[in-house]
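The block underneath contains the structure these notes are about, expressed in structure tokens.
Chains as they are written, first to last, in the UniProt record's numbering: chain A, 1 to 535; chain B, 1 to 242; chain C, 1 to 364; chain D, 1 to 413.
This is the structure:
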């Protein structure tokens, strides 16, 4: 049983399927239906689906472009008949012609859309020339196994030349046999359904407990029970993984937003309220790089997220250095005043960007590596944009660690963080270190903006969302420790994700914040505090 | 034998992996001026921090007046019991006048008035002692370094403490100022008062101290009079060997 | 601290407030009276000035920066709004919006008694003291200070905002509360009511100003400054600074609460926006611009910034953020003690090392 | 005389607000003769700026059109723009300023319900007139507010009806996801009441709310998938999140591989502007419902779109000239409706203008002839259901026959 089952559609489909074998395809009527009202379009879609399963090779070749054209609103209906607008061919005769003046491009209703998607995939599975296209078509069919017309998969398997794909088609055919009459086929179907555990599969399988065969046939009952147990286990694993993954992805965002802040805070005791705006500017620089590539090197457009890395880092680092030199340097030992000063900077930057770029969300290309996701197990889907952020966070963490641990600048930063006066005494140019470290922290914020642009909407306000969260990470982690920042981000991210499904997003946020406030009462210096004599 | 003002027993303090004080025991009697000396990082200031309640030790105890455990009590409670301390870095309140400092030091209370005759007398007395009477209405922020040192001494002195701890009272002072400070400290010596001085200036220590404790790496290296300190090979090794 | 009789800026400001309040009361309704808009604006400004004073008391005189003072402001605002709604309901039968859209038949139980103003006032004080007391006690006890304290208070006010956004808390949710029709039995929105509220705000402002002046001039005030300058020093002189800080913190919270009670009837609405971290930050900006650690400065800062904001948000909406950020930078760099420096003609070279040395120990 | 004494009083008191007062006084002196003033209450900064900001320009454009035809009652229109900065109390403050100081004849403004609720007491007190261009939760009928867009009973319910019908997707199960404030809650309450009358049980729906500006929708999309996989009929998502949460939700939804043909989303506050910056290929088929869609047919829309594009170009407006959303058209209608009413009344006095509402009609860019009656201050508009296309816009999937009569108070709550 599936929630996609549309009983009326199915019965209609069966009727047509049995009738179609007798009569040859009435192409003119089909095109007329495609241009008709919602009901007629639905019939036409079902007819196309039937052609894919049972039609002759010529009919299939003729029908192949139609479903796709309807989906893309590329079918122009005029008085005569209809035109495939993209190719400039008559839909019926395939003679080249232009649509009439009053041509209308019908829009498939949501219900019909689903039928046409299926028909398009079915036709592609049987007649597309590229293996990749056939594989993609099979993926679409897999989403709605109950609606695949009888005979389609068998016919497709018979003519499939690619061995791997044929295996996949057979597997799908087995799954589709769940409601067949042969108990052995059903048991095989159960086993193959259990291969891919999901809630949907569970719903389908557990519905079988009310099947007559469940009571009468022991083998079948065992198979059903085994399948549900296996699916349940799969779902449990999937849920656990999903929680971990979601937590990790949220943590990576928190980490990216906070790491720059942590370095600056640790070093100078300055809470940089403009950090969120530097993130925003990083995202805007990324956008500018994208726009530049669009004109200068369109072939590299997909890689703008990678190519923008140096630009995002350098521009924000430069802004950070400018802030430090022009403002914060003069507020040495006045951390609360520098807090206000950076707030002014944040106000200024938001409004500057607003005036220059406007308030609308920026438009980003979505390259293949940050779009979509792969189902792993159960209901766990591995989404690429999150993965990008996670990977980016890990790379950033590694690089930051290397800079702080392995470079002279890092050594100086650590020295000044631990004891500013002593560092100054042994000849470390503390002002210069401040400047460079502020640049580094700001540059990291710019990178955060780059990494977050595939996840969040980019507009002048976007930085505001990160302020409180990233503060919390920094103070929870403890002043100026990278490890503290990582642990705090992971902790906050994971706890948030665990609470959210229980009490909702607002409560999760409130609870996490209250936990942090309480924790800081207990350990005011954060998780990784360095103890010392009275300052 | 004079009564023990402070008894430090088996004291240990750690900062992370650094052992600031390591199983230190020490007794300071009423009526004596005790100097605590030692190289940087020997644990001198940390010792004062523990006694004044700022730092909590990992283990060990500190008995005041021979009976009262003061480890674990608040700084304020310890101070009210009669243990007062001048900090290494002159710690004065920049926004207050000299007179206000002494008055705050003399009388512990939130509500009491500043201008009662008894308090005014005491303030005047202390101001004379630390020779700041002519600066009584100046803001502390405007004083010279030496005057700040004296002001702080005056502030801790004002309450007639039983234990007076001075952390580097002559650091950064001119010779003449050091001289004056030395005579001030000697003048403060009383049978019912113990004075602990942490100092690097050996001449100053020699002038004021009855006994000297040398700390090294958180332990007592030597205890005795200044002459014997100078003669002790271990002390010489610690001071000159590195 | 100068004796109050010689504190001319203070005397001048109090005098001015009293004169304006008197003039407004006397000329109300005559052609010489202010327009309702101006009267209302002055009243709101006065409420903001009270709020600024509350922050200056702890930031300027105790060295504790709270970025969550909007919380106490909002407590006052919410309580007075509850009083107004309940009172309006009792007098005119107007059912508040939020009851309607939540589908509730009656006020939640904790609204009981709020139509009686003294009870509402008591509730406001108790709630404020409870929040401020508990939070202050644990924070000061564990010696949370400086930037940490600022961030934690910001998180606190943010948490409160998230909670108040929820509709099921029974305080109007995101929409907050509005539609106040009657106060103390008198209709809202009339000239008389507007002038009355404005005059009351001015009088309260003058009162709070005098009270704060008395406090900071007392021995207690000296101890506050001592705490600000070197808290450990003061503790090792035998003072339980926890008690002192807690007292001033609670006092400051109550003053902020009073400001909220004055503000909400004049603006005619309360919603969680008052709890936004930005507003709380802005309070600090007013104080910093006017002059931290100077009561007169805080009042002037609040009046000036908000008056310009009122004016510019319709006259030149685009430039306001730029002017505000410019003002902050100017103050931070050139007038480290706020615009009060202007009055004292204490213009210093920007970036001079002397000025830095003269800075009072804020860093601690 | 009055003017001088006020000024001298202010000077004497040396009040900080003197700067505020004097220009206002100078301006109010000419209130009786010069152009008639209209006020805009739309934020050009803060969270609402992207949506509200463009409405300022639409109002100006409509005023220009009217002025080009000679103005109203012989006077030209002057539009005052403010920036309440997405700060709700500031809306009230600005409204006060415009009504009391500037004597604005009418206000056009507010997007969120909160801001409207904030301004409401001010316009009622000052006996002003506010044109509110957004669809909203209904259950309100102030004589000082003109509700130019539709209450839920005449917009949301038809859309949900369509989705529940066989022509739609025969929706049987409903996941309601909204921002936590009055509009989503009221809409959902009314929907639940409506479903109950249709015999749908409570197990068929689920309600979740997120805070304003919420962006991390991973867990919620997981929940939606789990809800859908429980079986029991076609599920849909009724989305009432607002602002930047809309694109963030859609992005996560598409990334988890859910298509409109699996679980359609009915985004009640979703407009073309929310799709800016999204890859809509994977979102094709999701739905919204408004009283206007950019793809509406008819000459009125063509003219409006062209005028807007020209206006954007000519005046350097910082918004896209190719995007036109319902609230823009509603704001545009508002100005024309007000001008027609004022013309008909021969006066700018609010009571007179209000009396003239009965029987007003206007050719809205949506292609419908929108109208007002004397019964209430609602405007009868058509209803569109839009379907996301791959060009970041909405195709018209369904539209109402005529303009349903607006029902201010929902019978289903």
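Cβ atoms here follow ideal geometry from the backbone N, Cα and C, with glycine treated the same way. For clarity, every value in this text was computed on a predicted model and none was experimentally measured.
Between residue i and residue j, is the Cβ-Cβ spacing less than 8 Å?
{"i": "residue 46 (chain D)", "j": "residue 82 (chain D)", "result": "no"}
{"i": "residue 260 (chain C)", "j": "residue 68 (chain C)", "result": "no"}
{"i": "residue 180 (chain D)", "j": "residue 271 (chain C)", "result": "no"}
{"i": "residue 108 (chain B)", "j": "residue 239 (chain C)", "result": "yes"}
{"i": "residue 83 (chain A)", "j": "residue 97 (chain A)", "result": "yes"}
{"i": "residue 340 (chain A)", "j": "residue 442 (chain A)", "result": "no"}
{"i": "residue 202 (chain A)", "j": "residue 231 (chain A)", "result": "yes"}
{"i": "residue 396 (chain D)", "j": "residue 293 (chain D)", "result": "yes"}
{"i": "residue 210 (chain B)", "j": "residue 84 (chain B)", "result": "no"}
{"i": "residue 328 (chain D)", "j": "residue 55 (chain D)", "result": "yes"}
{"i": "residue 120 (chain D)", "j": "residue 92 (chain C)", "result": "no"}
What does a CB cutoff of less than 6 Å around residue i pick up in its chain, not counting 5 residues either side in sequence?
{"i": "residue 54 (chain C)", "result": "252, 255, 256"}
{"i": "residue 9 (chain C)", "result": "296"}
Which residues in the same chain as residue i place their Cβ atom closer than 7 Å to its Cβ, once the five residues preceding and following it in sequence are excluded?
{"i": "residue 91 (chain B)", "result": "152"}
{"i": "residue 61 (chain A)", "result": "127"}
{"i": "residue 5 (chain D)", "result": "Unreliable placement is indicated for residue 5 (chain D), whose pLDDT of 42 sits below 50; the coordinate value is still reported in the next sentence. Closer than 7 Å at the Cβ level, and outside the excluded window around residue 5 (chain D), lies no residue."}
{"i": "residue 246 (chain B)", "result": "A question about residue 246 (chain B) goes unanswered here, because the residues of chain B that appear run from 1 up to 242."}
Indicate whether at least one CB of chain B lies closer than 8 Å to the CB of residue i.
{"i": "residue 379 (chain C)", "result": "The shown model of chain C, from 1 to 364, leaves out residue 379 (chain C), and the question about it has no answer."}
Would you say residue i reaches chain C, if we count a Cβ-Cβ gap shorter than 8 Å as a contact?
{"i": "residue 75 (chain D)", "result": "no"}
{"i": "residue 193 (chain B)", "result": "no"}
{"i": "residue 124 (chain B)", "result": "no"}
{"i": "residue 60 (chain D)", "result": "no"}
{"i": "residue 64 (chain B)", "result": "no"}
{"i": "residue 271 (chain A)", "result": "yes"}
To the nearest whole angstrom, what separates the beta carbons of residue i and residue j, a pair I think is in contact under 8 Å?
{"i": "residue 215 (chain B)", "j": "residue 42 (chain B)", "result": "4 Å"}
{"i": "residue 513 (chain A)", "j": "residue 158 (chain C)", "result": "7 Å"}
{"i": "residue 165 (chain B)", "j": "residue 66 (chain B)", "result": "In fact, because the Cβ distance is near 18 Å, the residues do not count as touching under 8 Å."}
{"i": "residue 34 (chain A)", "j": "residue 66 (chain A)", "result": "7 Å"}
{"i": "residue 394 (chain D)", "j": "residue 288 (chain D)", "result": "6 Å"}
Is there a Cβ of chain D sitting closer than 8 Å to that of residue i, yes or no?
{"i": "residue 54 (chain C)", "result": "no"}
{"i": "residue 313 (chain C)", "result": "yes"}
{"i": "residue 195 (chain A)", "result": "no"}
Mapping DSSP to helix, strand and coil, what is residue i?
{"i": "residue 302 (chain D)", "result": "helix"}
{"i": "residue 369 (chain D)", "result": "strand"}
{"i": "residue 18 (chain B)", "result": "strand"}
{"i": "residue 195 (chain B)", "result": "strand"}
{"i": "residue 17 (chain A)", "result": "The predicted position of residue 17 (chain A) is uncertain, since its pLDDT is 47 and thus under 50; a value taken from the coordinates is nonetheless stated next. Correct three-state label for residue 17 (chain A): helix."}
{"i": "residue 318 (chain D)", "result": "coil"}
Beta-carbon within less than 8 Å of residue i's beta-carbon, same chain only, minus the 5 sequence neighbours each way: which residues are those?
{"i": "residue 133 (chain C)", "result": "246, 250"}
{"i": "residue 24 (chain B)", "result": "8, 10, 11, 12, 43, 47, 60, 215, 218, 219, 220"}
{"i": "residue 97 (chain B)", "result": "136, 137, 138, 139, 140"}
If you measure from the beta carbon of residue i to each beta carbon in chain A, is any gap under 8 Å?
{"i": "residue 296 (chain C)", "result": "no"}
{"i": "residue 50 (chain D)", "result": "yes"}
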